[in-house]
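Engineer:
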Amino acid sequence: LVCGLQGQPDVALRVDVKTTLANERTVLRWLRSAALLSGLSVLVAHQADGAALLNGLLLGGIALLFSVWPVCTYVRRSRGFAEAQATMGQPKADRTVPQALALSLASILTAVLMVHVMFGG
């Protein structure tokens, strides 16, 4: 009570609908990219070269990782939105998944190039 007036009740934090839809669009884009990587993995793995088989298996592992990791991130963010723990406005951009994808693809390229140089492909 301030000066004999009752304060207004706390208003529940609301998350903008666009934020949750952006979260869904992002996970769908990651899953589409993972499907593309898995298709590329199968195509490369069916080549006659041993290095191509290694490259295909590594790409398949990355495709599997990038079909699970974004879904986990989506679920965690969705729970945060549902519990209204997110802040108002634009959510913080998470750059971890794109950086991990770039690093893993660069590592695969390096491994394949090393196999070609060492074993002469």
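Under the numbering used here, think of the first position of the sequence shown as 23, with each following residue one higher.
No residue lacks a Cβ here, since even glycine has one placed at the ideal position from N, Cα and C.
Small disclaimer: the values here were computed from a predicted structure and weren't measured.
#1: Is it true that the CB of Leu75 sits closer than 8 angstroms to the CB of Ala175?
#2: Which residues bound the alpha helix (DSSP H) around Ala73?
#3: Taking just the CA atoms, how far does Leu65 sit from Thr180?
#4: In chain order, what residues of the same chain have a beta carbon less than 8 angstroms from the beta carbon of Ile130, not counting five sequence neighbours either side?
#5: If you follow the alpha helix (DSSP H) that His68 is in, where does it begin and where does it stop?
#6: For my contact list, Ser89 and Leu53 are in at a C-beta cut-off of 8 angstroms; report their separation, rounded to the angstrom.
Structural biologist: In short, the structure shows the following:
#1: Nothing can be reported for residue 175: it is not among the residues displayed for the chain, which extend from 23 to 143.
#2: Gly72 to Ala104
#3: It is not possible to answer for residue 180, since the shown part of the chain is limited to 23 through 143.
#4: Asn77, Leu80, Leu81 and Ile84
#5: Here His68 belongs to no alpha helix (DSSP H), and DSSP marks it neither H nor E.
#6: Yes, Ser89 and Leu53 are in contact; Cβ-Cβ is about 6 angstroms, under 8 angstroms.
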